[in-house]
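Input: a single structure, listed below in structure tokens.
Protein chains: 2
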Amino acid sequence: MSTTGSSLMGEWRQLLARHARVSEALERELERHHRLSVTEFEALRHLAESDDNGCRLQQLVDDVHMSQSALSRLIGRLADEGLVERRSCAEDRRGIFAVITDEGRRRLAEATPTHEAVLERTLR
Amino acid sequence: MSTTGSSLMGEWRQLLARHARVSEALERELERHHRLSVTEFEALRHLAESDDNGCRLQQLVDDVHMSQSALSRLIGRLADEGLVERRSCAEDRRGIFAVITDEGRRRLAEATPTHEAVLERTLR
DNA sequence: GCACTATACATGCATGCGCATACAATGCCA
DNA sequence: TGGCATTGTATGCGCATGCATGTATAGTGC
Chain A
1 MSTTGSSLMG
11 EWRQLLARHA
21 RVSEALEREL
31 ERHHRLSVTE
41 FEALRHLAES
51 DDNGCRLQQL
61 VDDVHMSQSA
71 LSRLIGRLAD
81 EGLVERRSCA
91 EDRRGIFAVI
101 TDEGRRRLAE
111 ATPTHEAVLE
121 RTLR
Chain B
1 MSTTGSSLMG
11 EWRQLLARHA
21 RVSEALEREL
31 ERHHRLSVTE
41 FEALRHLAES
51 DDNGCRLQQL
61 VDDVHMSQSA
71 LSRLIGRLAD
81 EGLVERRSCA
91 EDRRGIFAVI
101 TDEGRRRLAE
111 ATPTHEAVLE
121 RTLR
């Protein structure tokens with residue numbers, strides 16, 4: 001009785017429920033097995049997909065759904081763990097490239113099957 | 001190029017993007033115009049829909065997507081603002097009923113058009 | 001070259017969250 | 001009835017977040 005189905009409200013509730021179900025499971029499993037949060041995983045994946053020069057933080061903000069400050073600290077944490085390197089940009093010295101390291105690729109590769117398994121299990 | 005579309009991964013990314021788009025807009029507008037967070041609005045709405053005896057916190061946890069501790073504090077904030085009353089339960093004195101107040105119904109009624117307008121604008 | 005504005009990232013601060021735990025009330029079983 | 005696990009809620013704590021702001025660099029008009 002809580003899902004009207006056709007109304008906007010019902011659709012939004014379904015989206016909320018689905019998002020909560022999947023992201024809670026992802027958070028739990030990724031944290032338990034790989035010590036990664038969902039946002040950390042997402043950032044690593046985007047970095048792995050970008051070319052080898054890495055990615056301007058500016059650009060990552062658009063991909064990962066997160067404030068600029070949150071992203072800055074996220075990259076900081078990943079850098080502290082050695083999963084990412086910060087490289088300052090020669091052409092525009094305000095800019096910072098985040099580049100995934102080999103260790104970062106390794107951790108991402110380890111975590112990806114877990115991620116997929118959770119999606120398989122919870123998304124439908 | 002970031003949305004594969006058919007894969008689980010693509011579907012999950014779409015869900016993330018949609019959720020972020022809607023909830024960021026909701027958060028902003030509800031906060032700006034009615035000083036309510038999205039979770040506060042959701043809780044009020046659930047309480048308004050439940051019968052007049054209110055709702056056990058325990059039960060609300062299942063409806064709102066939130067930990068028990070977060071809900072306890074959320075109800076605390078709403079109670080501080082006079083939008084909700086805590087009533088202890090006679091049959092089981094561990095239990096707490098949260099009951100929406102008239103003021104709570106008023107605030108909810110004020111905020112609902114904003115909520116609907118944002119859904120209309122961002123959900124599709 | 002000099003002021004002024006805009007952009008990119010970092011950081012202080014307040015807040016909400018989840019986890020673990022504390023506490024109170026209940027149920028159960030000997 | 002007495003002990004013990006269970007359930008419902010509150011709270012201490014650490015952490016990630018967003019907002020506002022700070023700092024450095026870039027661009028632009030004069």
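From first to last, the protein sequence lines stand for chains A and B. Sequential numbering from 1 applies to the first sequence in UniProt numbering. Sequential numbering from 1 applies to the second sequence in UniProt numbering. We put the beta carbon where it would ideally sit given N, CA and C, even for glycine. Small disclaimer: the values here were computed from a predicted structure and weren't measured.
query = Going straight from the alpha carbon of Val64/A to that of Ala43/A, what length do you get?
reply = Roughly 7 Å between the two C-alpha positions.
Arg56/B (DSSP reduced to helix, strand or coil) = If DSSP states are grouped into helix, strand and coil, Arg56/B belongs with the strands.
ask   = From the beta carbon of Arg18/B, is the nearest beta carbon of chain A less than 8 Å away?
value = Taking Cβ atoms only, chain A reaches closer than 8 Å to Arg18/B, which makes this a yes.
query = If you draw a straight line from the alpha carbon of Ala20/A to that of Arg13/A, how long is it in whole angstroms?
reply = Cα-Cα distance, rounded: 10 Å.
ask   = Out of Arg94/B, Val84/B and Leu119/B, which has the shortest C-alpha to C-alpha gap to Arg106/B?
value = Measuring from the Cα of Arg106/B, the nearest candidate turns out to be Val84/B.
message = For Thr3/B and Arg35/B, I'd like the C-alpha separation in whole angstroms.
response = At Thr3/B, the pLDDT of 44 sits below 50, so the modelled position is not reliable and the matter cannot be decided from this model.
Contacts around Leu108/B, its chain only, beta-carbon distance under 6 Å, and the 5 residues preceding and following it disregarded = So the list reads Leu44 and Ala48, once near-sequence residues are dropped.
ask   = Quick one: what's Ile100/B bridged to in DSSP?
value = For Ile100/B, which the question treats as bridged, DSSP gives the partners Val84/B.
ask   = Beta-carbon separation of Leu26/B and Val118/B under 8 Å?
value = Remark: C-beta atoms of Leu26/B and Val118/B approach each other more closely than 8 Å.
request  = Find out if the Cβ-Cβ distance for the pair Leu30/B, His115/B is shorter than 8 Å.
outcome  = Yes; because the gap between Cβ atoms is below 8 Å, this pair is in contact.
Rounded C-alpha distance that separates Ala17/B from Gly104/A = Taking the Cα positions, Ala17/B is about 24 Å away from Gly104/A.
query = Residues of chain A with CB under 8 Å from Val22/B, in chain order?
reply = Going along chain A in sequence order, the residues near Val22/B (Cβ under 8 Å) are Trp12 and Leu15.
key: Proximal residues of chain A, C-beta to C-beta of Leu8/B below 7 Å   = The contacting residues are Glu116, Leu119, Glu120 and Leu123.
ask   = Roughly how many angstroms lie between the CA atoms of Met9/A and Gly82/B, to the nearest whole one?
value = Met9/A and Gly82/B: Cα-Cα distance of roughly 26 Å.
task = Please determine, among Asp92/A, Ser23/A, Leu60/A and Val61/A, the residue with the shortest C-alpha to C-alpha distance to Arg66/B.
result = It should be pointed out that residue 66/B corresponds to Met in this sequence rather than to Arg. The alpha carbon of Met66/B has as its nearest neighbour, out of Asp92/A, Ser23/A, Leu60/A and Val61/A, the alpha carbon of Ser23/A.
message = Going by DSSP in three states, Gly95/A sits in which element: helix, strand or coil?
response = Gly95/A: coil per DSSP, three-state reduction.
task = Work out the CA separation of Ser7/A and Ala70/B for me, nearest whole Å.
result = The straight-line gap from Cα to Cα measures roughly 28 Å.
message = Can you list, in chain order, the residues of its chain with a C-beta nearer than 7 Å to that of Leu60/B? Leave out the 5 residues immediately preceding and following it.
response = Hits under 7 Å: Ala43, His46, Leu71 and Ala98.
inquiry  = Looking at chain A, is there any beta carbon in it that lies within less than 8 Å of the beta carbon of His33/B?
reply    = Taking 8 Å as the CB threshold, His33/B stays off the interface with chain A.
query = Would DSSP call Val64/B helix, strand or coil?
reply = Secondary structure at Val64/B: coil, using DSSP grouped into helix, strand and coil.
key: Nearest to Ile75/A (by Cα), restricted to the options Thr39/A, Thr122/A, Leu123/A and Glu11/A   = That would be Thr39/A, whose Cα lies nearest to the Cα of Ile75/A.
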